[in-house]
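Right, one structure below, let's go through it.
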Amino acid sequence: MTPRVILMTDGKPTDSAGEEEAKKKVLGAAIAFGPAGFKEVGLPFSVPIACVGCGDCDIALLQAIAKLTNGMYVVVGNIAELSTFFRRQVLLIRFAAKFASDMEMLRSQLALAAFLAELGEAVESAELEGMMQLLLAMLCLSALEEGTQQVTCMCISVYHCPTT
Numbered sequence: 002m003t004p005r006v007i008l009m010t011d012g013k014p015t016d017s018a019g020e021e022e023a024k025k026k027v028l029g030a031a032i033a034f035g036p037a038g039f040k041e042v043g044l045p046f047s048v049p050i051a052c053v054g055c056g057d058c059d060i061a062l063l064q065a066i067a068k069l070t071n072g073m074y075v076v077v078g079n080i081a082e083l084s085t086f087f088r089r090q091v092l093l094i095r096f097a098a099k100f101a102s103d104m105e106m107l108r109s110q111l112a113l114a115a116f117l118a119e120l121g122e123a124v125e126s127a128e129l130e131g132m133m134q135l136l137l138a139m140l141c142l143s144a145l146e147e148g149t150q151q152v153t154c155m156c157i158s159v160y161h162c163p164t165t
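If you want our numbering, it's the position in the sequence shown, counting the first as 1, plus 1.
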């Protein structure tokens, strides 16, 4: 699986030149990690950024970073929510490992929901959809790194990943 960055932030970048300039710099950095810029900065593949906004944060900025990097975002208000976020990240990786050789299961949102339910995780449909998108992005990136034809085809048809 492709590594990813987990960015914990108040979502309010600061810069002596002002807030808008700071946001431009943050988005520029995000582009460097994403599909549009990773090669230019010498990365072997793009790196999704999972944004964890803490408290009253700039949700639009977190969404933009996640979109630019094929990552995800979540806003947490307390430690319990943060714990849930990290636990679900681990469960998503466990799901991918368990069904690594079964593309049908990996593409199935119902299979992911059943897997999470077996482990006692009740996930709302919007969050499940986000987890599925992250899983597909991780699979696409892994497939493109390895040149795995079956997964690459799945990426093109389901997630519209670029081909090599």
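Idealized CB from N, CA, C, for every residue including glycine.
All values derive from a computational prediction rather than experimental measurement.
Alpha-carbon spacing of residue i relative to residue j, whole angstroms
{"i": "G72", "j": "M132", "result": "10 angstroms"}
{"i": "L93", "j": "L136", "result": "7 angstroms"}
{"i": "L8", "j": "D103", "result": "31 angstroms"}
{"i": "M106", "j": "E128", "result": "18 angstroms"}
{"i": "A67", "j": "F100", "result": "25 angstroms"}
{"i": "G19", "j": "E119", "result": "48 angstroms"}
{"i": "K40", "j": "L140", "result": "19 angstroms"}
Nearest neighbour of residue i, chosen from the options [CA to CA]
{"i": "A114", "options": "I66, I32 and V124", "result": "V124"}
{"i": "D57", "options": "P14, A23, L117 and K25", "result": "P14"}
{"i": "G29", "options": "L69, E20 and E119", "result": "L69"}
{"i": "S126", "options": "L111, E119 and A31", "result": "L111"}
{"i": "E130", "options": "Y74, F39, L44 and A81", "result": "Y74"}
Nearest-angstrom Cβ-Cβ length linking residue i and residue j, presumed shorter than 8 angstroms
{"i": "R5", "j": "P49", "result": "4 angstroms"}
{"i": "V42", "j": "A33", "result": "5 angstroms"}
{"i": "V91", "j": "L83", "result": "That pair is no contact at about 13 angstroms."}
{"i": "F96", "j": "F116", "result": "5 angstroms"}
Close beta carbons around residue i, own chain, < 7 angstroms, minus the five adjacent residues each side
{"i": "E22", "result": "D16"}
{"i": "G35", "result": "S47, L69, T70 and N71"}
{"i": "K24", "result": "P14 and L62"}
Own chain partners of residue i with C-beta closer than 8 angstroms, once the 5 adjacent residues on each side are dropped
{"i": "D11", "result": "G54, C55, G56, D57 and C58"}
Own chain residues within Cβ distance below 6 angstroms of residue i, not counting five before or after
{"i": "G38", "result": "I32"}
When the Cβ atoms of the stretch 36-54 are set against those of the stretch 62-69, are three or more pairs found closer than 8 angstroms? With the cut-off at 8 angstroms, the stretch 36-54 and the stretch 62-69 touch.
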